[in-house]
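>
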Amino acid sequence: MSSVIVAKNIVTRFGSNIVHDGLSFEIKKGEIFGLLGGSGSGKTTLLREMILLQKYSSGSLKVLDIDVKKLKDKKANELRSRWGVLFQFGALFSSLSVLENISIALKEYTNLSNSAIEKAALMKLKMVGLPQSAAHLYPSELSGGMKKRAGLARALIRDPKLLFLDEPTSGLDPKSARDFDELIVALRDALGITVIMVTHDKDTISSVLDRFVILGNKKIQFLGDIEELRTSDNENLKEFTNGK
Amino acid sequence: MSASINIFTTNNTITFTCKGSWTLEYVTQLSRKLTSTCKDKNVVFDLTSLSDFDTHGILLIIETIKKLQLQNCQIKKVGESEKFISLYEVCLSNFPKEIKHPDKHGTIGQFFYTFGKNIVESKRTLINFFSFVGGLTEAVGKLTINPSQIRFKAMFYHLENSGLKALPIILLTSFLIGVVIAFQGAVQLEKFGANIFIVEMVSISVTRELAPLLTAIVIAGRSASAYTAEIGVMKITEEIDAMKTMGFSVWNFLIIPRVFALMISLPLVVFFADIVSIFGGMVVASLQLGISFEEFANRMQESVEIKHVIIGLVKAPIFGWIIAVIGCFRGFQISSSTESVGKYTTISVVNAIFWVIAMDAIVSVFLTELGL
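In order, the protein sequence lines correspond to chains A and B. In terms of this note's numbering, the first sequence has 221 at position 221, counting the first letter as 1, and numbering is strictly consecutive. For this note's numbering, count along the second sequence from 1 and bump the result up by 244.
1. Taking just the CA atoms, how far does M490(B) sit from I448(B)?
2. Residues of chain B with a CB under 9 Å from the CB of L191(A): which are they?
3. Using DSSP with H/G/I as helix, E/B as strand and the rest coil, what is E365(B)?
4. Does DSSP put G151(A) in a helix, a strand or coil?
5. Rounded to the nearest angstrom, what separates G145(A) and G171(A) at their Cα positions?
6. Which residue's Cα is closest to the Cα of L223(A): A177(A), G37(A), L152(A)?
7. S176(A) touches chain B at which residues, Cβ-Cβ below 9 Å?
8. In the DSSP assignment, find the beta strand (DSSP E) that holds S265(B) and state where it starts and stops.
9. For the alpha helix (DSSP H) containing R276(B), name the first residue and the last one.
10. Would you say K244(A) lies against chain B (beta-carbon separation less than 8 Å)?
11. Based on Cα-Cα distance, which residue from T194(A), T204(A), G90(A), F212(A) lies nearest to V4(A)?
12. Assess contact between the region 56-68 of chain A and the region 8-19 of chain A, defined as three or more Cβ pairs (one per stretch) separated by less than 8 Å. Is contact present?
13. Using a Cβ-Cβ cut-off of 6 Å (strictly less than) and excluding sequence neighbours within five positions of G84(A), which residues of its own chain qualify?
14. Looking at the C-beta of P340(B), does it have a partner C-beta in chain A at a distance below 8 Å?
15. For a contact meaning CB atoms closer than 9 Å, what does L112(A) contact in chain B?
16. Who are the near neighbours of S584(B) in its chain, counting only those whose CB is closer than 6 Å to its CB and skipping five residues on each side?
17. Any idea if D181(A) is buried or exposed, counting beta-carbon neighbours within 10 angstroms, 16 or more meaning buried?
18. List, in order along the chain, the chain A residues whose C-beta lies closer than 8 Å to that of L382(B)?
19. So, does the region 196-205 of chain A touch the region 111-121 of chain A, judging by three or more C-beta pairs under 8 Å?
20. Measuring only the C-alpha atoms, how far is F192(A) from L331(B)?
21. Counting pairs of Cβ atoms below 8 Å between the region 434-447 of chain B and the region 496-509 of chain B, do you hit three or more?
22. Please name the residue in R149(A), E108(A), L96(A) whose C-alpha comes closest to that of Q88(A).
23. S97(A): buried (16+ other C-beta within 10 angstroms of its C-beta) or exposed?
24. Look at the Cβ atom of L274(B), then the Cβ atom of V322(B), and state whether they are nearer than 8 Å.
25. For S2(A) and chain B, any beta-carbon pair shorter than 8 Å?
26. Taking any Cβ of chain B, which residues in the region 123-150 of chain A have a Cβ under 8 Å from it, in chain order?
27. Looking at C-alpha atoms only, which residue of V600(B), I389(B), D298(B) is the closest neighbour of L454(B)?
28. Along chain A, in chain order, which residues have C-beta atoms closer than 8 Å to that of I480(B)?
29. If distances are taken between C-alpha atoms only, which option among V6(A), K147(A), V208(A) comes closest to F93(A)?
30. Near I329(B), what residues of its chain come up, given a Cβ to Cβ distance below 7 Å and the 5 sequence neighbours on each side ignored?
31. Taking T261(B) as the reference, which of D604(B), E269(B), V287(B), V494(B) has the closest Cα?
32. Buried or exposed for L53(A), going by 16 or more other Cβ atoms inside 10 Å?
33. Determine the contact status of N256(B) and K285(B), defining contact as a CB-CB distance below 8 Å.
34. Could you check whether the region 479-499 of chain B touches the region 534-547 of chain B, counting it as contact only if at least three pairs of C-beta atoms, one from each stretch, sit closer than 8 Å?
35. With a threshold of 8 Å between beta carbons, is K55(A) in contact with chain B?
36. Taking the alpha helix (DSSP H) that A7(A) belongs to, which residues open and close that run?
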């Protein structure tokens, strides 16, 4: 299997404050990969570096075989069209309805007819488990879980190869959180996408993630899957394994 | 990579041979070629040489198949890969039904709908505003009984921010207003040889009307917007709810300090604005009409009654009350969306300026009728 993301010796500095000190890892195609770590360990920073929202100081980071360090605008937009991002609170555009939020990328970047855009958007709406009656609601009328689902539908609209999720289950009730986990696995299986997520949720970690990194102390503390973590002897890291 | 479709027709069978990558990029191009008008035929989709596909490509196939089925065609798919079947199943089960768009009224209907909606909303806003003013009055009443509850620190903060920091811009505009009034007046008065009347003209118009009005308008622009946005964002971030659950009175902590700060600072600022705008008039009078500062001051003492200045200063706290109350009231109307912050901030400034001017007109007529 080929690698979707290759990070080599990533160093991130904010002024004199070093956040990452030489991170190296690879994410394989079709994986659900987790970025774990305590608060302030730089998980979200790492995610933001992958999606071109933030620059790292040195090292090399390749996303879909493209080096993201010095990217021209055109190339960057091409790359952006191949991934979808779900932000922690959905980040839906508050002036647009759910359907408009989902379909805006198709409207702006493709020459699809309006009816085709609507069909595609409604299909994605259904795929993420929202009722069709939610299509004309505005973000302020949605619950937290629905916002995340709508945000996921927006992220999926262009059939991305890569899906980035920032704490997808935080702020959801346990039932919704597990449903969301199942949804992500089902979408990965159906659409064959690679999923990279920042998460704190122990259930997500043990039931959804194929592999993950644990960041801490500016370095990678652990890289592997849940079984390896359970058999490892590092007590600090075992906190991530549901206490079993 | 590209995508294409070959259509091969025999007697009773049409074969669609799908090739290449049926992805988002090529869907429009493909949909043009994919005809779906044929009746009672066997249709075969040959998917053997399909190299890549995504939900958009599959959606196109599903749509075409649905259309063909309506025309009594028999559909067969051959050569589909396992991956295709699984994604096809997912898309088929999620194929959307027709959706009803929300009703849109005609132009005239829309006009009356909006008109009626505005009236109902205005009525509700008016009632809410009165209840807000009532609540404020009650809270002020409680504070007078128990003055130790007054939040002096917050009040001084707003005095500084809304009053003191507004002083430079207000002094500058007032000076210019004094200059403009004197300059325009000088031209007219010179024609009559009534040069000395420039003193009354500048002093009365500025102290009684212009300085208070102008100050209030500038403060409305600065502070009404700030109050609305501050309170609105506090509401969105649930700070206000947090205060309520801890038993802090929103009136005492947020509203009364702002209202008192403006009611105290406005007369003070207007006083300075009076001085500076009269000074502006004096400068023009001496340059344009040859009336020295001393003559100007003497004439002012003789012929301009102090009541004009007092009327101006009495109006100032009323304006301050209007600005602060409208600013706070609109702030509490902001709901959870980011849009409403902009909407209500705009409304609050427009309302504040309008009611300041309206109140000025009312007071003006009232006092003139009283003979003051």
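All C-beta atoms in this analysis are idealised placements derived from N, C-alpha and C, irrespective of residue type, glycine included.
If we stick to the structure as given:
1. 51 Å
2. Chain B residues near L191(A): D298, T299, L331, V334.
3. helix
4. helix
5. When the Cα atoms are used, G145(A) and G171(A) turn out to be separated by approximately 8 Å.
6. L223(A) has its Cα closest to that of G37(A), out of A177(A), G37(A), L152(A).
7. The contacting residues do not exist; S176(A) stays about 19 Å from chain B at best.
8. Note, S265(B): beta strand (DSSP E), 257-266.
9. Per DSSP, the unbroken alpha helix (DSSP H) holding R276(B) starts and ends at 271-277.
10. A caution first: K244(A) carries a pLDDT of 44, below 50, which makes its placement in the model unreliable, though a value can still be read off. No, no contact with chain B.
11. Nearest option by C-alpha distance: T194(A).
12. yes
13. A155, L156, P160, L163
14. Closer than 8 Å to some Cβ of chain A, the Cβ of P340(B) qualifies, so yes.
15. L268, V271, T272, S275, H300
16. Annotation for S584(B): I578 place their beta carbon closer than 6 Å to its own, counting only its chain and skipping 5 residues before and after.
17. buried
18. The sequence as given places Glu at residue 382(B); Leu does not occur at that position. The premise fails here: E382(B) is roughly 32 Å from chain A at the closest Cβ pair, so nothing lies under 8 Å.
19. no
20. Checking the displayed sequence, the identity of residue 192(A) turns out to be Gly instead of Phe. Straight-line Cα distance between these residues: approximately 9 Å.
21. no
22. R149(A)
23. buried
24. no
25. Not an interface residue.
26. M123, K124, L125, K126, M127, Q132, A135, H136, Y138, P139, S140
27. V600(B)
28. Ordered by position in chain A, no residue passes the 8 Å Cβ test against I480(B), which lies about 10 Å from the chain.
29. K147(A)
30. So no residue of the chain qualifies.
31. V287(B)
32. exposed
33. yes
34. As far as the Cβ criterion goes, the region 479-499 of chain B does not touch the region 534-547 of chain B, which means the pair count is below three.
35. no
36. No alpha helix (DSSP H) contains A7(A), which is instead part of the beta strand (DSSP E) from 3-14.
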